[in-house]
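Undergrad:
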Amino acid sequence: MLVHWIPTDIPSTLPANASHRVGVGGFVMNSKREVLVVQETSGKFKGTGVWKLPTGVVNEGEDICTAAIREVQEETGIEADFVEILAFRQSHKSFYTKSDLFFVCLLQPKSSEIEKQIVEIEAAQWMPIDAYADQPFVKKNQQFSAIAKICIERSNEQITGFTPKAVTTGSGKKTYIYSPK
Numbered sequence: 001m002l003v004h005w006i007p008t009d010i011p012s013t014l015p016a017n018a019s020h021r022v023g024v025g026g027f028v029m030n031s032k033r034e035v036l037v038v039q040e041t042s043g044k045f046k047g048t049g050v051w052k053l054p055t056g057v058v059n060e061g062e063d064i065c066t067a068a069i070r071e072v073q074e075e076t077g078i079e080a081d082f083v084e085i086l087a088f089r090q091s092h093k094s095f096y097t098k099s100d101l102f103f104v105c106l107l108q109p110k111s112s113e114i115e116k117q118i119v120e121i122e123a124a125q126w127m128p129i130d131a132y133a134d135q136p137f138v139k140k141n142q143q144f145s146a147i148a149k150i151c152i153e154r155s156n157e158q159i160t161g162f163t164p165k166a167v168t169t170g171s172g173k174k175t176y177i178y179s180p181k
């Protein structure tokens, strides 16, 4: 957005462009305790050998639960149902000086045959959850390690996340409130 405040004697009251970017990661685990993981063709993980959860950005007007399902399907071809938000983190000045909100979402797979996206994804596979958590990068990186620990705890039914509840706002819009079960 390109703007210019014309009056020179009055402080600008134009709101800043978007202050946050919202991202999602899909934690999809099958009945064999294998996690759906990808390697990317570009970005900071290109060529590193790091296996990570499918991730992406929430589109304008899109709900977090819908975005998680869409990103997993786009990157891997796996159809899934949204179960709950397991965790989220907030980071400032991380994406073009904007704050970043990232939600880790538990999804239940409805299919198992991977069809990786050619443009963004180098490889996709089902990986044992312990092998995912034992990757050197995951073990060294506090954020990735914390996410892996939360995913393992949820897979062992030690914790629960936040499930969506459809509600209507005072102005009549449909939305979701996420809360513990």
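Per the UniProt record's numbering, the very first residue in the sequence shown carries number 1; after that it's consecutive.
The C-beta atom is built at its ideal place from N, Cα and C for all residues, glycine as well.
Just so we're clear, the structure is a prediction, and the values are computed from it rather than from any experiment.
Grab the span of the alpha helix (DSSP H) containing residue 109 for me, first residue to last.
TA: From DSSP, residue 109 is part of no alpha helix (DSSP H) but of the beta strand (DSSP E) over 98-109.
Undergrad: Does the pairing of the segment 74-89 with the segment 160-179 give three or more beta-carbon distances under 8 Å?
TA: Verdict: yes, contact present.
Undergrad: Excluding the five sequence neighbours on either side, which residues of its own chain have a C-beta within less than 6 Å of the C-beta of residue 33, listed in chain order?
TA: 129, listed in sequence order.
Undergrad: Taking the C-alpha atoms as reference points, what is the distance between residue 138 and residue 25?
TA: Approximately 15 Å between the Cα atoms of the pair.
Undergrad: Would you report the Cα separation of residue 9 and residue 122, rounded to the nearest angstrom?
TA: Those two C-alpha atoms are separated by around 54 Å.
Undergrad: So, does the segment 111-125 touch the segment 89-100, judging by three or more C-beta pairs under 8 Å?
TA: Not touching, per the Cβ criterion.
Undergrad: Can you tell which of 101, 55, 134 and 116 has its C-alpha closest to the C-alpha of residue 107?
TA: Measuring from the Cα of residue 107, the nearest candidate turns out to be 55.
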